[in-house]
Amino acid sequence: MPEPVRVAAPFGDPSPQTCLQVAGEAALLAIIAADEAMTAVCRSRSGSAHLEAAMHAAHQEATEAARHADHAEKYAVDPEMPTSALAYCARQAVHHALLAQVAAGVETTAAGLRAELDRVLTPAELAERESARRKEEAQREAEQQAATGMDRQNREQAASNQYLAQQYVAALGWTTGHLRVMEAAATGRLYWRGGRARLAARHGEWTGGRRISQERTQALLAAKFLTAAQQSDGTRVLTPSPMGHVTLELARLHQDGLHSTDQAAYEARFARVRRRHKRRDDQKAAARRLPPLDPSAQKLYRKTVTIAEQQAHPDQQARIEPGPANPSETGVGSLPAVALPQPAPAPTTTPRAPALAARKPRRALRGARPILVSPLQPTLW
Numbered sequence: 010m011p012e013p014v015r016v017a018a019p020f021g022d023p024s025p026q027t028c029l030q031v032a033g034e035a036a037l038l039a040i041i042a043a044d045e046a047m048t049a050v051c052r053s054r055s056g057s058a059h060l061e062a063a064m065h066a067a068h069q070e071a072t073e074a075a076r077h078a079d080h081a082e083k084y085a086v087d088p089e090m091p092t093s094a095l096a097y098c099a100r101q102a103v104h105h106a107l108l109a110q111v112a113a114g115v116e117t118t119a120a121g122l123r124a125e126l127d128r129v130l131t132p133a134e135l136a137e138r139e140s141a142r143r144k145e146e147a148q149r150e151a152e153q154q155a156a157t158g159m160d161r162q163n164r165e166q167a168a169s170n171q172y173l174a175q176q177y178v179a180a181l182g183w184t185t186g187h188l189r190v191m192e193a194a195a196t197g198r199l200y201w202r203g204g205r206a207r208l209a210a211r212h213g214e215w216t217g218g219r220r221i222s223q224e225r226t227q228a229l230l231a232a233k234f235l236t237a238a239q240q241s242d243g244t245r246v247l248t249p250s251p252m253g254h255v256t257l258e259l260a261r262l263h264q265d266g267l268h269s270t271d272q273a274a275y276e277a278r279f280a281r282v283r284r285r286h287k288r289r290d291d292q293k294a295a296a297r298r299l300p301p302l303d304p305s306a307q308k309l310y311r312k313t314v315t316i317a318e319q320q321a322h323p324d325q326q327a328r329i330e331p332g333p334a335n336p337s338e339t340g341v342g343s344l345p346a347v348a349l350p351q352p353a354p355a356p357t358t359t360p361r362a363p364a365l366a367a368r369k370p371r372r373a374l375r376g377a378r379p380i381l382v383s384p385l386q387p388t389l390w
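Under our numbering, the final residue of the sequence shown carries the number 390; numbering is consecutive throughout.
In structure tokens:
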């Protein structure tokens, strides 16, 4: 995980160095005011209650000012704390220092510290602060690259891949044996012949070799983590599918999510498919099958590239965005070209007004009296 970077101060806010300096001076002024109040009580012969109350109030405010100054020093070394936290502590220290001076009855010199915090920075100071911030970020980035060998984008992707592995590997119900079968398939030398799976000694020689678990290979092939390519002699070469490649990388990142035995993996899968309304035999059959990888994990996973690999192959991008689906892969052929509708030609003559449709005569109701219409009276319908 990359180191958290301190949030930069907003425009015009005091710098962390200014906040620390102001908080320390405010705490010192508050302590001096509390000492002055205590000295006034000691010099008083009558022991006035008013002076004792002022001494206690000044001492309490000085304690608060010192506490905020200590918090500012702790926040200054904590990269997760934003710069606004330092400014808040400095302002609180100045506030309590003013209250301590007012309670002690001394000159309120802490007011000048508040003006220092609220002072608007000049363009030269802003430019200097921005230059220091960029220099600090560049130094931190150089340290992270030296430690991880990756730039920031790939470090963030590596952290995202680790999170995906922790979220989805345990749901696969795999054992370390399934991981070994996938690693053998990734070499391109895993083949199926004569009802057995073997790992060839050399690529292209599909004879002999070390035996691989038949049950795990069949389960991975049935779950489409493996694809089979038929050879001319009947040999089937097994290689990881796109989902199998992603699952293999995630399983390598989080091997703690794999089970040590096949029985433990079966029980974990059975616990996931167990339903009360299902028959026992159906639940067992579902538990024997390997579930596919979650589609969201396959979509979000990206292979990370180190800086050395980028320098060796500058034409390759660190992150490959998924392109449009290939018609040959989806099983749908290319769509036929469809002629786009063309606009109608413009009329060459003036269009005639459409003729009014003849109205259908209404049938008179049975038993209704006829209405006389005079020649000067328009018809009602």
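For glycine and all other residues, C-beta sits at the position ideal for the given N, C-alpha and C.
Quick caveat: nothing in here was measured; it's all calculated off a predicted structure.
query: Minimum C-alpha distance to D160 - residue among R245, L107 and T315; result: T315
query: Inter-residue CB distance, V255 and Y310 (contact presumed, cutoff 8 angstroms); result: 5 angstroms
query: Alpha-carbon spacing of A43 relative to S140, whole angstroms; result: 41 angstroms
query: Identified DSSP bridge partners for V246; result: Y200 and A238
query: Cβ pair count under 8 angstroms reaching 3, the segment 116-127 against the segment 262-278; result: no
query: Rounded distance between the beta-carbons of P300 and G182, thought under 8 angstroms; result: 7 angstroms
query: C-beta contact flag for V190 and R225 at 8 angstroms; result: yes
query: Proximity below 8 angstroms, CB of P25 to CB of A85; result: yes
query: Segments assigned alpha helix (DSSP H), at least 4 residues, entirely inside the segment 269-336; result: 271-282, 289-297, 304-309 and 316-321
query: Nearest candidate by alpha-carbon position, reference L230, set H263, A151, A206 and A156; result: A206
query: R161: first and last residue of the uninterrupted alpha helix (DSSP H) it sits in; result: R161 to Y177
query: Distance between R76 and Q319 (C-alpha atoms, nearest Å); result: 50 angstroms
query: Anticipated Cβ contact below 8 angstroms, L267 with T184, distance rounded; result: 6 angstroms
query: Collapsed DSSP secondary structure at P350 in the structure displayed; result: Reliability fails at P350, whose pLDDT of 44 lies under 50, so the model's placement of it is uncertain and the value that follows must be treated cautiously. If DSSP states are grouped into helix, strand and coil, P350 belongs with coil.
query: As assigned by DSSP and simplified to three states, the class of A206; result: strand
query: Beta-carbon proximity check, I221 vs L235, cutoff 8 angstroms; result: no
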